[in-house]
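These protein sequences, in sequence, are chains S and F.
Per full-length UniProt numbering, the first sequence runs over residues 1 to 209.
Per full-length UniProt numbering, the second sequence runs over residues 1 to 209.
Don't be surprised by glycine CBs; every beta carbon is placed ideally from N, CA and C.
This structure is a prediction, so every number in the text was calculated from the model and none was measured.
Here is the structure we will look at.
There are 2 protein chains.
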Amino acid sequence: MKMLKIPEPTVVRLSLYSRFLNQASSKGIDIISSDEIGAAVGIPSAQVRKDLSYFGEFGIRGVGYRVRELCSQVDKLLCVNQTWPVIIIGAGHLGLAMSGYRGLQDRGFDVIALFDANPAKQGELPNGLSVLPMERLAETVREKDIRIGIITVPADAAQQVAEALIAAGITAIINFAPTVLNVPPEVKVRNIDLTVNLEVLSFNLGMRG
Amino acid sequence: MKMLKIPEPTVVRLSLYSRFLNQASSKGIDIISSDEIGAAVGIPSAQVRKDLSYFGEFGIRGVGYRVRELCSQVDKLLCVNQTWPVIIIGAGHLGLAMSGYRGLQDRGFDVIALFDANPAKQGELPNGLSVLPMERLAETVREKDIRIGIITVPADAAQQVAEALIAAGITAIINFAPTVLNVPPEVKVRNIDLTVNLEVLSFNLGMRG
Numbered sequence: 001m002k003m004l005k006i007p008e009p010t011v012v013r014l015s016l017y018s019r020f021l022n023q024a025s026s027k028g029i030d031i032i033s034s035d036e037i038g039a040a041v042g043i044p045s046a047q048v049r050k051d052l053s054y055f056g057e058f059g060i061r062g063v064g065y066r067v068r069e070l071c072s073q074v075d076k077l078l079c080v081n082q083t084w085p086v087i088i089i090g091a092g093h094l095g096l097a098m099s100g101y102r103g104l105q106d107r108g109f110d111v112i113a114l115f116d117a118n119p120a121k122q123g124e125l126p127n128g129l130s131v132l133p134m135e136r137l138a139e140t141v142r143e144k145d146i147r148i149g150i151i152t153v154p155a156d157a158a159q160q161v162a163e164a165l166i167a168a169g170i171t172a173i174i175n176f177a178p179t180v181l182n183v184p185p186e187v188k189v190r191n192i193d194l195t196v197n198l199e200v201l202s203f204n205l206g207m208r209g
Numbered sequence: 001m002k003m004l005k006i007p008e009p010t011v012v013r014l015s016l017y018s019r020f021l022n023q024a025s026s027k028g029i030d031i032i033s034s035d036e037i038g039a040a041v042g043i044p045s046a047q048v049r050k051d052l053s054y055f056g057e058f059g060i061r062g063v064g065y066r067v068r069e070l071c072s073q074v075d076k077l078l079c080v081n082q083t084w085p086v087i088i089i090g091a092g093h094l095g096l097a098m099s100g101y102r103g104l105q106d107r108g109f110d111v112i113a114l115f116d117a118n119p120a121k122q123g124e125l126p127n128g129l130s131v132l133p134m135e136r137l138a139e140t141v142r143e144k145d146i147r148i149g150i151i152t153v154p155a156d157a158a159q160q161v162a163e164a165l166i167a168a169g170i171t172a173i174i175n176f177a178p179t180v181l182n183v184p185p186e187v188k189v190r191n192i193d194l195t196v197n198l199e200v201l202s203f204n205l206g207m208r209g
């Protein structure tokens with residue numbers, strides 16, 4: 001497999017393909033075409049073929065791709081063929097929703113614990129996970145060798161939480177708080193911002209007049 | 001203002017600029033430079049200047065932009081200078097988190113009601129909003145002239161919910177379910193997918209070895 005630098009939008013699409021390919025594989029499907037993949041994930045088949053050209057050897061010209069082999073290589077590239085321990089900071093509704101989200105475990109992301117500065121939110125959750133005080137953050141990250149943190153605190157607390165995560169050794173952050181985090185270049189942040197997504201919709205509605 | 005077709009990544013950035021410009025404006029700042037905007041939202045200043053070239057008349061060469069006028073024009077373009085009624089389908093933790101999210105109202109998105117098929121989840125929430133049965137969806141959308149729906153149901157229910165929304169007259173959807181929705185071309189969907197975002201992180205962690 002060519003290990004070129006893969007652009008981030010391609011990585012996003014590979015993640016979508018992977019989820020579909022895993023479903024197809026578990027249904028016992030052996031060969032799948034770029035048309036079928038594209039239709040399932042809502043991406044033009046020409047784009048699918050371009051993205052999967054990184055995995056050329058699993059294609060059979062004019063027929064399709066060998067599902068199991070392609071799937072396994074895409075998952076290997078995405079590093080979801082291993083388990084990633086994850087922590088969540090903020091045990092409000094959003095943090096609890098994320099901690100109970102089955103899709104994470106299915107893809108190898110294992111929520112180890114939640115953290116919250118509010119003592120009233122600390123303790124054991126019905127799903128068996130613990131909400132720990134922030135003071136336990138550094139030791140947990142170190143002991144469990146955690147690299148990924150999910151921030152679900154309000155905007156005005158997010159930067160401070162990010163700094164605590166980074167000080168503890170976290171290098172990859174999902175940020176749900178509607179604010180831009182200042183982090184060192186070696187820390188990777190993905191922002192998930194509901195307001196921005198809604199504004200793309202209102203922009204589109206406005207364009208239609 | 002030139003009304004060219006603006007690419008979606010630019011719209012996303014305009015939404016980020018807008019939030020920062022509104023903050024600056026409310027602090028009484030009159031003039032702001034592209035360097036300052038870029039530093040605040042984590043985007044190179046050359047990109048900021050390119051994006052804001054749509055709004056050229058608010059720039060003062062070598063100095064910056066007139067905050068209040070720029071802000072008002074960006075908000076007008078994004079159509080956030082008006083109130084958009086919004087409904088949420090799915091009253092689990094995620095739906096409740098979204099319904100209580102202050103950032104929405106601040107930007108003109110007004111959650112009118114939640115809907116859930118489970119009678120145990122129906123009723124009034126502590127924040128005063130109602131969780132209504134799905135049977136009330138169509139009348140609510142019609143009466144309140146709602147165009148935007150947020151889907152927070154599990155993946156296996158999402159397509160059916162999307163179809164109910166579209167049948168009721170919704171044309172813009174935020175989809176949190178980890179599945180691709182099949183919708184007619186006139187319906188705009190923005191997917192917010194935690195797993196995909198996590199896999200971009202695991203990909204990056206893997207690349208570092």
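query: Rounded to a whole number of angstroms, what is the C-alpha to C-alpha distance between F:V74 and S:L198?
result: 15 Å
task: Express the C-alpha separation of S:T195 and S:E163 in angstroms, rounding to a whole number.
output: 24 Å
- request: Compare the C-beta of S:K50 with all C-beta atoms of chain F and state if any pair is closer than 8 Å.
  value: no
query: So is F:T171 buried or exposed if we call it buried at 16+ other beta carbons inside 10 Å?
result: buried
- prompt: Given that S:K188 touches chain F, what residues does it touch there, using C-beta distances under 7 Å?
  reply: L201 and N204
message: If you reduce the DSSP assignment to three classes, tell me which class S:F55 lands in.
response: helix
task: From the DSSP output, in three-state form, read off S:S33 for me.
output: coil
message: Check this for me: beta carbons of F:I87 and F:G169, under 8 Å apart or not?
response: no
- prompt: So what does DSSP say about S:R190, is it helix, strand or coil?
  reply: strand
- prompt: For F:L77 versus F:L14, is the C-beta distance shorter than 8 Å?
  reply: yes
- request: Work out the CA separation of F:N127 and F:E36 for me, nearest whole Å.
  value: 37 Å
field: Residues near F:L129 in its chain [Cβ-Cβ closer than 7 Å; skip 5 each side]
entry: S99, V111, A113 and L114
field: Where S:L198 falls: helix, strand or coil (DSSP)
entry: helix
message: Could you tell me the alpha carbon to alpha carbon distance between F:Q160 and F:S53, rounded to whole angstroms?
response: 42 Å
- prompt: Given F:S25, which residues of its chain have a CB within under 6 Å of its CB, disregarding the five upstream and five downstream residues?
  reply: V67, R68 and C71
query: Between the Cα of F:W84 and the Cα atoms of F:G108, F:A91 and F:R61, which residue gives the shortest distance?
result: F:G108
message: Once DSSP output is grouped into helix, strand and coil, what is the label at F:D116?
response: coil
- request: Note down, in chain order, each residue of its chain lying with its Cβ closer than 7 Å to the Cβ of S:D116, except the 5 sequence neighbours on either side.
  value: G90, A91, Q122 and V131
query: Closest Cβ-Cβ distance between F:M1 and chain S: below 8 Å?
result: Caution applies to F:M1, whose pLDDT of 46 falls short of 50 and renders its modelled position unreliable; the value that the coordinates give is listed next. With 8 Å as the cut-off, F:M1 does not count as an interface residue toward chain S.
Cross-chain neighbours of S:G42 in chain F, by beta carbon under 7 Å: V180
field: Closest Cα partner of F:A39 within the set S:A40, S:P119 and S:N182
entry: S:N182
field: Unbroken beta strand (DSSP E) run spanning S:V141, endpoints
entry: Careful: S:V141 lies outside any beta strand (DSSP E), inside the alpha helix (DSSP H) at L137 to K144.
field: Where F:K2 falls: helix, strand or coil (DSSP)
entry: Per-residue confidence for F:K2 stands at a pLDDT of 46, beneath the threshold of 50, marking its modelled position as unreliable; the derived number appears in the next sentence. In this structure, F:K2 counts as coil in the three-state DSSP scheme.
- prompt: Just to confirm, does S:L181 get its C-beta within under 7 Å of one of the non-hydrogen atoms of the ligand ADP?
  reply: Because no ligand of any kind appears in the structure shown, any question about the ligand ADP cannot be addressed here.
query: If you draw a straight line from the C-alpha of F:M134 to the C-alpha of S:E57, how long is it?
result: 48 Å
- prompt: Pick from S:T140, S:L201, S:P184 and S:A177: whose alpha carbon is nearest that of S:P154?
  reply: S:A177
- prompt: Can you round the beta-carbon distance between S:I166 and S:A158 to whole angstroms, since I take them to be within the 8 Å contact cut?
  reply: S:I166 to S:A158, Cβ: 12 Å. No contact.
- request: Put S:R107 into one of helix, strand or coil per three-state DSSP.
  value: coil
task: Report yes if the C-beta distance between F:V180 and S:G42 is below 8 Å; otherwise report no.
output: yes
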